[in-house]
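In full-length UniProt numbering, the protein residues as written are 1 to 133.
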């Protein structure tokens, strides 16, 4: 079992032991995730670029804690929805590699035109990216 799968099992057990599954709906988990991302953003909000690249130990401890919260909610959301996070990330990276060929985008921050929707292709086995039946 991967470390990510182990974390998902542990988070699921944490919720089950407290009978919190009723609260762990996709909507609630997304809202909690957004809140935690906001707390992570707040840690960097007023830092200079140099401070953000090399946070002091206290800031780094808070950033580490917020990243833990973000990761926990993201993994829990994926577990509830049956999404394989690693597979979904690989699909998105494959898309980005096609969309941003290095010979055209090296050193550039410009946005590429959108690719055709995967849902329109015959290659989409289901309508959900990284879906685990």
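No residue lacks a Cβ here, since even glycine has one placed at the ideal position from N, Cα and C.
About 13 Å separates the beta carbons of residue 85 and residue 70, which is beyond the 8 Å limit, so they are not a contact pair. Comparing alpha-carbon positions, the option among 68, 100, 95 lying closest to residue 4 turns out to be 68. Note on geometry: alpha-carbon atoms of residue 25 and residue 103 lie some 43 Å from one another.
As the crow flies, the alpha-carbon of residue 92 is around 20 Å from that of residue 73.
Less than 8 Å divides the Cβ of residue 40 from the Cβ of residue 63.
Residue environment for residue 115: exposed (fewer than 16 other C-beta atoms within 10 angstroms of its C-beta). Cβ-Cβ separation between residue 66 and residue 43: approximately 6 Å, consistent with a contact (criterion under 8 Å). Just so you know, the alpha carbons of residue 100 and residue 37 end up roughly 26 Å apart.
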